[in-house]
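*Asks:* Residue numbers (the numbering used here), protein chains in the order written: chain A, 1 to 344; chain B, 1001 to 1344.
To start, I am sharing the structure in question, which I have written as structure tokens.
2 protein chains.
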Amino acid sequence: MKEYVKVAVDAMGGDYAPVEPVKGAVDAVNANEEIFVYLVGQKAVIEAELAKYTYPRERISIVEASEVIETGEPPVNAIRGKKDSSMVVALNMVRRQEADAIVSSGSTGALLVGGQVLVGRLKGVERPPLAPLIPTAKGVSLLIDCGANVDARSSHLVQFAKMGSIYMEHVVGIRNPKVAIVNIGAEEEKGNALVKETYPLLKACRNINFIGSIEAREIPEGKADVIVCEAFVGNVILKLYEGVGATLIGKVKSGMMSSLRSKIGALLVKPALKATLKDFDASQYGGAPLLGLKGLVVKTHGSSKAVEFKNSILQCIQFKQQQINEKIKEYILPDSEDKAKEVE
Amino acid sequence: MKEYVKVAVDAMGGDYAPVEPVKGAVDAVNANEEIFVYLVGQKAVIEAELAKYTYPRERISIVEASEVIETGEPPVNAIRGKKDSSMVVALNMVRRQEADAIVSSGSTGALLVGGQVLVGRLKGVERPPLAPLIPTAKGVSLLIDCGANVDARSSHLVQFAKMGSIYMEHVVGIRNPKVAIVNIGAEEEKGNALVKETYPLLKACRNINFIGSIEAREIPEGKADVIVCEAFVGNVILKLYEGVGATLIGKVKSGMMSSLRSKIGALLVKPALKATLKDFDASQYGGAPLLGLKGLVVKTHGSSKAVEFKNSILQCIQFKQQQINEKIKEYILPDSEDKAKEVE
């Protein structure tokens, strides 16, 4: 078999399973010849979906899994109890290196637990962060960590900064990415206990381009490429991004419907506006990787459609070819910092 | 002298001092007969500004203060060192009950320190939170705490919930306001250590209408009236609100300029859009009170214009007439909860 990038797609996870993950898989193999997809889930259901499409049959294979993990289930119970669920089966394929990556829009909690328990952490990684790309005025930034590790310690945040840097440089292609820590003021002495403890550690890191604190106001401006924070704050940032955006767009739309004059105007601006707002839609940028695991685990939004599945699958190519995990292993250990620098 | 609501305005604080605070004071006394303003700052400068306007002269008085606290100064040094600054002089007027309230758009840090050190906390209040109103799809919500107390404890958050409830009910006029705690999921077992500890305490509070967790996504929807969080998270929410809003509006505007067709449309929708977006502008809702002090301390945005000063000054009327501080004293002590409930 040719050296494909093999992606196990959880065909039963998310709000629109199996329709959208299956369509996303088909679109991905049609878009790129290096991709091989395992569709994991209930065979009959997946076959019925697949029958709708034309695609290179040698690059999609169905893997049977009889159970489905539901959104509300306690993560640990779900992973332990449902050994034959699409998510657990797909995670085990990554563990056994039968697949390079898993893409799932199922329960975030279950995927975080399963990623750590089944796939396992890379040597030296203390906590694997979930790191989505968020849109900014200038392009995208990586928000790390965004839900995996509440009550993190400063050493975790330093590792997030390093892993995020590697990801932005080698997967997204930003040279010497700017790293900043989320804070409530620009000065070094500002912040809560965690930030005050982490700041000097980041400053001392020689293999990242640390630019200091970033205030939340500056995040959408694109002031930094890698936004470091602990998971609670990261989750608030991600969710509020969506929330303010949605409410504001809703207000703009209803404002435009308020008079005959503005209704006519709305018809004229609609196409241009739609294209603009698409740029600011987080779902355009693929899924969020759970970094620092022995394999790639990608979480896509629960309401992902085919385009997000496709983008998330294609994302795996860069991740594998750029040998991100090898780079993480090399840079993650504190005492390897100076050595790594010398080698450069 | 008639029983005025007496407000000491820091005429030298903020980006547009003295022009905007002086104009705001004039507008406030012209708008409402119950307001008396002390303009605190350099007399000659303030007199020159005041000369531009017509207003009831018996309701504005200048109080000389020779120094000015700058934005960058370390708060404690500023408050201790500049005894004759406009902010310190105004705070001391509140301490001596010569004024009911201070309104300042000077250094937030200095005002927080000065509020606690000079005006002092009400009996029973552990930490005074800064609590701005933020716009939502339904109106406004109170975000409490938003910068005053990083690394807060659960007992502080419970007090914030109580003080915020009183403020929303009696100053803003929301009956039985819904109180929620910022969390990263809806379930009671979700959250970081602080939230997990605080949640059951809020649930046990009998004199607030606690509705559980609120995810950041739901804040702009207006799901709760009082949004409880510790200061670091609150600051991130407030700043990101502004940041996402500004970036998105910028994108909408440039999107509309992208073709001739959309440019014509933009001219037609402009007035309607402007009115809509004004609703979503936090500055429309007056300043943020620092609750739980022996007097009212109101912080307005550093870039406040006359309209925000005016609104912040007028806000003081409700605060005084509704005897907010008396209500806080009554409700704040943990052991008074049940008694207070019985009295109702």
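For every residue, glycine included, the Cβ atom is placed at its ideal position computed from N, Cα and C.
All of these numbers come straight from a predicted model, not from anything done at the bench.
My guess is that residue 329 of chain A and residue 1279 of chain B are in contact by the Cβ rule of under 8 Å, so how many angstroms apart are they, rounded?
*Replies:* Wrong, their Cβ atoms sit about 51 Å apart, outside the cutoff.
*Asks:* I'd like to confirm the pairing. Which residues does DSSP put opposite residue 38 of chain A in its beta bridges?
*Replies:* Note: residue 38 of chain A sits in a beta bridge opposite A:8, A:61.
*Asks:* For residue 1355 of chain B, count neighbouring C-beta atoms within 10 Å of its own C-beta (all shown protein chains included) and say buried if the count is 16 or more, exposed if not.
*Replies:* Look at the range of chain B in this structure, 1001 to 1344, and you will see that residue 1355 of chain B is not part of it.
*Asks:* Report the rounded CA-to-CA distance for residue 1026 of chain B versus residue 1126 of chain B, giving the unit in angstroms.
*Replies:* For residue 1026 of chain B and residue 1126 of chain B, the distance between alpha carbons rounds to 36 Å.
*Asks:* Where do the ends of the beta strand (DSSP E) carrying residue 1134 of chain B lie?
*Replies:* Taken as a continuous stretch (DSSP letters only), the beta strand (DSSP E) holding residue 1134 of chain B covers 1133-1135.
*Asks:* CB residue 1019 of chain B to CB residue 1101 of chain B, shorter than 8 Å?
*Replies:* Contact flag unset, no.
*Asks:* Considering Cα atoms alone, identify which of B:1048, B:1326, B:1033, B:1224 is closest to residue 1017 of chain B.
*Replies:* Checked all of B:1048, B:1326, B:1033, B:1224; the closest Cα to residue 1017 of chain B is B:1048.
*Asks:* For a cutoff of 8 Å on Cβ pairs, would you count residue 220 of chain A as touching chain B?
*Replies:* True, the Cβ-Cβ gap to chain B drops below 8 Å.
*Asks:* When you compare the CB of residue 235 of chain A with every CB in chain B, is at least one pair closer than 8 Å?
*Replies:* Chain B, which has a Cβ nearer than 8 Å to the Cβ of residue 235 of chain A, makes this yes.
*Asks:* Is the Cβ-Cβ distance between residue 290 of chain A and residue 130 of chain A less than 8 Å?
*Replies:* Result yes, Cβ atoms of residue 290 of chain A and residue 130 of chain A sit closer than 8 Å.
*Asks:* At 9 Å on the CB atoms, spell out the chain A contacts of residue 1077 of chain B, in chain order.
*Replies:* Under the 9 Å cutoff, chain A gives no residues; its nearest Cβ is about 13 Å from residue 1077 of chain B.
*Asks:* Hey, is residue 1052 of chain B close to the ligand GTP, as in C-beta under 7 Å from one of its heavy atoms?
*Replies:* Questions concerning the ligand GTP fall outside what the structure shown contains, since it holds no ligand whatsoever.
*Asks:* Determine the burial state of residue 139 of chain A: buried for a count of at least 16 other Cβ atoms within 10 Å of its Cβ, exposed for fewer.
*Replies:* Result: exposed.
*Asks:* Residue 1099 of chain B and residue 1004 of chain B: beta carbons closer than 8 Å?
*Replies:* No, these two residues do not count as a Cβ contact at 8 Å.
*Asks:* What does residue 1241 of chain B touch in chain A if you count any residue whose Cβ is under 8 Å from its own?
*Replies:* Going along chain A in sequence order, the residues near residue 1241 of chain B (Cβ under 8 Å) are 240, 244.
*Asks:* How would you list, in chain order, the residues of chain A whose beta-carbon sits under 8 Å from the beta-carbon of residue 1210 of chain B?
*Replies:* Those within 8 Å of residue 1210 of chain B in chain A number zero; the least Cβ separation is about 20 Å.
*Asks:* In chain B, what lies closer than 8 Å to residue 251 of chain A by C-beta?
*Replies:* The answer, in chain order, is 1137, 1276, 1277, 1279, 1280.
*Asks:* Kindly indicate which residue of A:111, A:52, A:64, A:41 has the alpha-carbon position closest to the one of residue 73 of chain A.
*Replies:* That would be A:111, whose Cα lies nearest to the Cα of residue 73 of chain A.
*Asks:* Would you check if the distance between the CB atom of residue 87 of chain A and the CB atom of residue 151 of chain A is smaller than 8 Å?
*Replies:* Not a contact, by the Cβ cut-off of 8 Å.
*Asks:* Report the rounded CA-to-CA distance for residue 1201 of chain B versus residue 1032 of chain B, giving the unit in angstroms.
*Replies:* Spanning the two alpha carbons is a distance of roughly 41 Å.
*Asks:* Taking only the alpha-carbon atoms, compute the straight-line gap between residue 1069 of chain B and residue 1300 of chain B and give it to the nearest angstrom.
*Replies:* Approximately 15 Å between the Cα atoms of the pair.
*Asks:* Contact check, residue 1238 of chain B vs residue 1128 of chain B under 8 Å by CB: the rounded distance?
*Replies:* The pair is not a contact, with the Cβ atoms about 17 Å apart (cut-off 8 Å).
*Asks:* Which residue from A:23, A:59, A:192 puts its Cα closest to that of residue 52 of chain A?
*Replies:* The candidate whose alpha carbon is nearest that of residue 52 of chain A is A:23.
*Asks:* Taking residue 193 of chain A as the reference, give the member of A:219, A:80, A:153 with the closest Cα.
*Replies:* Selected option, being the one with the closest Cα: A:153.
*Asks:* Ordered along the chain, which non-local residues of its own chain (more than five positions away) have a Cβ less than 7 Å from that of residue 62 of chain A?
*Replies:* Here the set comprises 39, 43, 46, 47.
*Asks:* Taking a contact to mean a Cβ-Cβ separation below 8 Å, would you say residue 1105 of chain B touches residue 1013 of chain B in this structure?
*Replies:* Yes, the Cβ-Cβ distance between residue 1105 of chain B and residue 1013 of chain B is below 8 Å.
*Asks:* Could you tell me if residue 1311 of chain B is buried or exposed, where buried requires 16 or more neighbouring beta carbons within 10 angstroms of its beta carbon?
*Replies:* It is buried - the Cβ of residue 1311 of chain B has at least 16 other Cβ atoms within 10 Å.
*Asks:* Quick check: is the beta carbon of residue 1160 of chain B nearer than 8 Å to any beta carbon in chain A?
*Replies:* False, the Cβ-Cβ gap to chain A never drops below 8 Å.
*Asks:* Check distances from the C-beta atoms of the segment 1111-1145 of chain B to those of chain A and list, in chain order, the residues that come in under 8 Å.
*Replies:* Against chain A - using a Cβ distance shorter than 8 Å - the residues of the segment 1111-1145 of chain B are 1136, 1137.
*Asks:* Thinking C-beta only, is residue 1218 of chain B closer than 8 Å to residue 109 of chain A?
*Replies:* Contact flag unset, no.
*Asks:* Using a Cβ-Cβ cut-off of less than 7 Å, give me the residues of the segment 1080-1113 of chain B that come near chain C, in sequence order.
*Replies:* The displayed structure is made up of protein chains A and B, and chain C is not among them.
*Asks:* With 16 other CB atoms within 10 Å as the buried threshold, where does residue 275 of chain A fall?
*Replies:* Residue 275 of chain A is exposed by the Cβ-count criterion.
*Asks:* Need the endpoints of the beta strand (DSSP E) that residue 215 of chain A sits in, please.
*Replies:* Element bounds for residue 215 of chain A: 209-215.
*Asks:* Straight-line CA distance for residue 1331 of chain B to residue 1162 of chain B?
*Replies:* Those two C-alpha atoms are separated by around 7 Å.
*Asks:* Kindly indicate which three-state DSSP category residue 1226 of chain B falls into: helix, strand or coil?
*Replies:* Strand at residue 1226 of chain B.
*Asks:* In the segment 1304-1334 of chain B, which residues sit with their C-beta less than 8 Å from some C-beta in chain A, listed in chain order?
*Replies:* Cβ contacts with chain A: none found.
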